[in-house]
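Residue numbering for the sequence shown is 2 to 316, as defined by the working numbering.
The C-beta atom is built at its ideal place from N, Cα and C for all residues, glycine as well.
Notes follow once the structure below has been shown.
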Amino acid sequence: MGWFIRRIAQSVVMLWVVVSLVFLSINFVPGDPVELLLAQDGASPDPATVEMVRDQLGLNRPLYEQYIQKIADIVHFNLGTSIVDESSVGAEIARRLPRTLELIAAAGLLSLLIGIPTGVLAALRPKGLFGRIATLVAGTAQSVPVFILGSLLVIAFAQLLGWLPAGGFVPFERDPGKHLILLIMPATTIAIGLSAIVFRITRASMLDVLPLDFVRTARAKGVPARRVLVRHALRNALMPVITVFALQLGGLLAGTVLVETVFNWPGLSGMLVAGVNSRDYPVVTGVIVVVAAFYIGLNLLVDIIYGLTDPRVRK
């Protein structure tokens, strides 16, 4: 129990550090967001109006007061109000976050379905034809940028073959079929690179596990080959895969900017880009806090799984 509480405390401290760094970075960036907001046609806004808006937003208060207020707001799950359109940042994140999570979940599931079986097969015969080809394909897929993969998929399946739409978004409740069709290409774009990572980790982990004594003992006792492979070898080889996969998913939450842009998918990344371009600090802070919390939460979950399965981790 002490180990569990200590890990939660460490996660809270990490999130506080992220919030503090974001707050300081934003406040030391050159330029006044209020002046940018009020500027029209390149003309400078009225200084009195600028001061009035700054007072309304609390930007004229001392920096330490703004910091304390920001921490208090986040503790109470209040992410503030957008400077640009005065909408609730939390409400907008709640509207966009499920779309990005859906995209990541679909890509993650597809990458596991591709990466784990191919990694296992490649490990069984590492010098065979399949193992060599799969390793080459995985290396190529992992090295190609996602925006190039996305563009190639659009050219191939939307423009040349006409099998899928080039991009867009339709809410699931409005048209489930259309929604899932529009999800295919962005999810596949992410899954190609992610499945390559899963493949390489699975293959390497299986190559480490297969020669171990407990696998040899199971084979010597006459245990069926499939059972040895699944219940003994793969089961023990999956922990590194789970770790890397979870960390990759956490990074994808903020790393889908290019994919969402290419396929016009209105997720969280587009909100972050718009906030940065307009110097909408509450939006930028809110998105980064949510992404950091998600990433730290995944790390905590992986550590808990490790702790439950391996008592040495809890020491």
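Check	Outcome
Distance between G178 and V121 (C-alpha atoms, nearest Å)	33 Å
The ligand COA heavy atom lying under 7 Å from the CB of D176	As presented, the structure is devoid of all ligands, the ligand COA included, so that no description of it is given.
C-beta atoms of W164 and F158 nearer than 8 Å	yes
3 or more residues per run - each beta strand (DSSP E) lying fully within the region 132-174	none
Cβ-Cβ distance between L253 and I305 below 8 Å	no
Stretch pair the region 231-250 + the region 198-215: three plus CB contacts closer than 8 Å	yes
T82 - partner residues in DSSP beta bridges	S89
Three-state secondary structure (DSSP) of D42	Since pLDDT at D42 reaches only 49, below the 50 mark, its modelled position is unreliable, and the value read off the structure follows with that caveat. If DSSP states are grouped into helix, strand and coil, D42 belongs with coil.
C-alpha gap between G91 and L80, whole angstroms	5 Å
DSSP-derived helix/strand/coil call for D281	coil
Reduced DSSP category for V303 - H, G, I as helix; E, B as strand; rest coil	helix
Alpha-carbon spacing of L22 relative to L125, whole angstroms	47 Å
First and last residue of the uninterrupted alpha helix (DSSP H) at N28	G3 to N28
Helix, strand or coil at T257 [DSSP, three-state]	coil
Residues near I94 by beta carbon distance below 8 Å, same chain, minus five either side	L80, L269, M272, G287, V288 and V291
Simplified DSSP assignment, three categories, for F264	coil
Between the CA atoms of I185 and I105 - distance to the nearest angstrom	12 Å
DSSP-derived helix/strand/coil call for Y296	helix
Inter-stretch contact (C-beta, 8 Å, three-pair minimum) for the region 128-144 and the region 198-205	yes
8 Å Cβ cutoff met for L195 and S112	yes
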